[in-house]
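Protein chains in written order, with the working numbering: chain A, 1 to 385; chain B, 1001 to 1264; chain C, 2001 to 2129. Just so you know, even glycine gets a beta-carbon here, dropped at the ideal spot from N, CA and C. Report on one structure; see the data block that follows.
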Amino acid sequence: MLELAIKGGKKYYGWMTFLSVIIGVGFLLYLKQLDIGLAITGLSRDVSWGFYIANFTFLVGVAAGGVMVVLPYYLHDYKAFGKVTILGEFLAIASVLMCVTFILVDLGQPMRIMNVFLYPSPNSVLFWDTIVLNGYLFLSIIIGWNVLEAERNGVHYQKWLKPLIYLSIPWAVSIHTVTAFLYAGLPGRGFWMTAILAPRFLSSAFAAGPALLILCCLIIRRVSNFDPGREQIQSLAKIVAYAICINVFFFLCEVFVAFYSNIPEHMDHIKYLFVGLHGHAAYVPWMWTSFILMIIGIILTVTPMTRKNEGVLAVACVAIFLGTWIDKGLGMIAGGFTPSPLHEVTEYIPSLPEIGIALGVWAMGFMVMTALFKIAVSVKEEIRE
Amino acid sequence: MDSSRRRILQLLGVSALALTTRPVLNAFAKEEQAAEAEAVIKAGAKALKARQWAMVIDTRKFHSEADLEPLTEACHKVHNVPALQNKRHEIKWIWGTHYHNAFPGKAAQFLAESVEQRPFLVLCNHCENPPCVRVCPTKATFKREFDGIVFMDFHRCIGCRFCMAGCPFGARSFNYRDPKPFIAEADLNRKFPTRMKGVVEKCNFCAERLAVGQLPACVEVSNGALAFGDLYDPESEVRKLIKTNYTIRRKQTLGTEPCVYYIV
Amino acid sequence: MNNKTLIITGLVIFLIIVLFPFWYMRGKAAPAPEPVLTPKAKAAQACVRSTEYMRSEHMQLLDVWRDSVVRDGNRIYVNPQGKEFSMSLSNTCLDCHSNKAEFCDRCHNYASVRPYCWSCHIENPKEKT
């Protein structure tokens, strides 16, 4: 089935070439990082996690969001999603690959990564995160590949896949819960020490993942003979609508808790993000933009008239994807570290090489996603004939 | 001969087995020979011992940042801590700060003037319940059961910086670049290794000095302002000081049980 | 078989490339490495363990030493002959063998091994080179 990924038209190869250039630049920058160290990033003693981990956290959510097409189909017999479950699986594969790459790229001593497996530390959430992420990657690959291959050959997929598929549903929830637990159990970081962090992660995941999936479906309809289906896209849009409402609601809960209690330690992080603290306000325009984008997303996806218009829906999905990316990526990470445990503010701005490397990883993920989607769509086109 | 793929694989398998049996058996034989008289590993005779090392800092004995300089200098010199110009990348094991930063939860609008002016020494607290140890995915940072020091194994650290996120006291520094160029040749202590880029470091309660019967460097030059001893020895200096003075610890509500006490 | 000439030519080129180190350097084998002992090392007469043991096991020994010092807090090593050593690369090994370039590097370069010990365990040169 892999051969389907290397048979494409000019636009396909043009897109893949464009991505390889970005990957190439990112790779060269990474070599520089291996040589000099993480000093080429904007990280500091106070803000020791930044753009790489932010993107990692966001992408775990996108990977988990893939479950939103699997769950209704397999658990609730929503037949319409049968057409698009494979896209959800493949999106999950590409996302998890990006996650793992972002972690590797963030490590100070990446050649020692095997130490995590040689010296297992069940007390560390990061150890569990490694296990669940890799597990989800293998699950998605095995399930996605076998289901697609069976579809191509016109037979039902093998029976042993069913328990794996059922397993992948709670597993998807677990990958993002465990990732949230990385943050939510740290005693020194009040911004993250909230029970609602894991639910918030999941809600923004279920908004961002399906939003990206909708955009991919619209593009697939444009560039191929496979139509994921109007009903499918509308169902996904409804899921996005609910998820983004819940996400903003959760955020407002956080704001209430911090500001009604008036506890300085709790307020300071949100203040830093939304109005600035001690004269540092670089994140303020970003956070407000993110909030506005999410509100726009809510209005456009909740209102049936705008949701049903696929052009407007596309705009809504972009808004939601960007809004959640800023909120969960940059906002959550920088906000957690600022102010520092000694109540000092060191502003974190990602450096250009850092952004370059991150773009390289995104491009790698998109390349994998494009190749996998090409395979899936080609199979769908094949069986239609 | 039947030239099927299966045949060829069978042939390869048998050949591999035939070629490797002897060297493997030889290797095992060698190991048995090499079991000569065993070597013994033990602690040094002069090593200082404690169940949990702790420190009491009498902040009343420091009046200005300049008073702290000999202590931070001593520590950073003995341990080859680099002096990086870029504040983002700075590495510090022990340093002085203001009351509001050392004890953010206890700050007040109106403070005793002496406390307002006084510098407060901060360092790793070698907590009894350290979150940094809890989060380390490789046990590169760990708490030594026999003396309570939260120690770092720089060979194992993968540089994930989870411990830095986990520390509620901001005690840890990361080597964002190779530290060697930032250590003055004249200051280099060849008896102690430097670190490499990509690993986290912090105060180690001078474990290498304790092992040869010396007190930590900062304690030694503190002129009595710092006391160091076993928290669980009722006769130790630290216990006596804690008993007879009102002491506070940083962020004690978090339950990490820091072992650095401050007499205010 | 099909494409016989192409395949044979390909195989021959492959063999030439893969066996390049052997036929290019025929008769010119690099000599065995000869690490040089400093006067202090010669005077000590015996290392922590026997030369054969050190040659094959010094990497494992250093690992054992590190875990012992860092994780167990024990710093004294009593070798089978009863002599005591402080388990320190910087202060024990490099104290006698302070000539990295003529000692450590000789074998490491020959075997093309690049241990990163000296990124941190600063060389302890006694004679300024």
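| Asked | Found |
| --- | --- |
| Inter-stretch contact (C-beta, 8 Å, three-pair minimum) for the stretch 210 to 218 of chain A and the stretch 75 to 88 of chain A | yes |
| Nonlocal neighbours in the same chain, by C-beta distance under 7 Å from Thr1059(B), ignoring five residues either side | Arg1118, Phe1120, Tyr1262, Ile1263, Val1264 |
| Endpoints, beta strand (DSSP E) assigned at Ser2086(C) | 2084 to 2086 |
| 8 Å Cβ cutoff, His1155(B) in contact with chain C | yes |
| Minimum Cβ-Cβ distance from Pro187(A) to chain B less than 8 Å | yes |
| Pairwise C-alpha distance: Arg2106(C) and Trp2023(C) | 25 Å |
| Unbroken beta strand (DSSP E) run spanning Lys1143(B), endpoints | 1141 to 1143 |
| Leu1048(B) versus Met1164(B): straight-line alpha-carbon distance, rounded | 29 Å |
| Cβ pair count under 8 Å reaching 3, the stretch 1132 to 1150 of chain B against the stretch 119 to 130 of chain A | yes |
| Alpha-carbon spacing of Glu2127(C) relative to Asn2099(C), whole angstroms | Because the pLDDT of Glu2127(C) is 47, which lies under 50, any placement of that residue in the model is unreliable, and the question is left without a value. |
| Contact residues within the stretch 1060 to 1079 of chain B, judged by C-beta distance below 8 Å to chain A | none |
| Residues of its chain near Lys1197(B), where Cβ-Cβ distance is below 6 Å and the 5 sequence neighbours each way are ignored | Asn1175, Arg1177, Asp1178 |
| For Glu1201(B): DSSP bridge partner residues | Ser1173(B) |
| Contacts that Val2070(C) makes with chain B (C-beta to C-beta distance below 7 Å) | Phe1151, Asp1153 |
| Rounded straight-line distance, which links the Cα of Trp1053(B) to that of Arg1239(B) | 11 Å |
| Within 8 Å, strictly: CB atoms of Val240(A) and Pro210(A) | yes |
| At least three beta-carbon pairs within less than 8 Å, the stretch 349 to 363 of chain A to the stretch 29 to 43 of chain A | yes |
| Buried/exposed call for Arg112(A), threshold 16 Cβ in 10 Å | buried |
| Partner residues on chain B for Arg2055(C), Cβ-Cβ distance less than 7 Å | Result: empty, since nearest Cβ-Cβ is about 12 Å, beyond 7 Å. |
| Neighbouring residues, chain B, relative to Asn2074(C) (Cβ below 7 Å) | Ile1041, Lys1042, Ala1043 |
| Straight-line Cα distance separating Asn146(A) from Phe81(A) | 17 Å |
| Alpha carbon of Glu2102(C) to alpha carbon of Phe56(A), nearest angstrom | 47 Å |
| Bridge-paired residues (DSSP) for Ile1041(B) | Tyr2077(C) |
| Residue-level contact to chain C via CB, Phe1083(B), 8 Å cutoff | The displayed chain sequence assigns Ala, not Phe, to residue 1083(B). Judged by the 8 Å Cβ criterion, Ala1083(B) is not in contact with chain C. |
| Nearest to Pro353(A) (by Cα), restricted to the options Thr289(A), Lys7(A), Phe27(A) | Phe27(A) |
| Continuous alpha helix (DSSP H) stretch holding Gly365(A): start and end | 352 to 384 |
| Supposed contact pair Thr2038(C) and Cys2096(C) - C-beta distance, whole angstroms, cut 8 Å | 7 Å |
| Where the beta strand (DSSP E) through Trp1053(B) begins and ends | 1053 to 1058 |
| Three-state class that DSSP yields for Leu1121(B) in the structure shown | strand |
| Chain C residues whose Cβ lies nearer than 7 Å to that of Leu1188(B) | Ile2122 |
| Contact set between the stretch 2091 to 2114 of chain C and chain B, restricted to residues whose Cβ is under 9 Å from the partner | Asn2091, Leu2094 |
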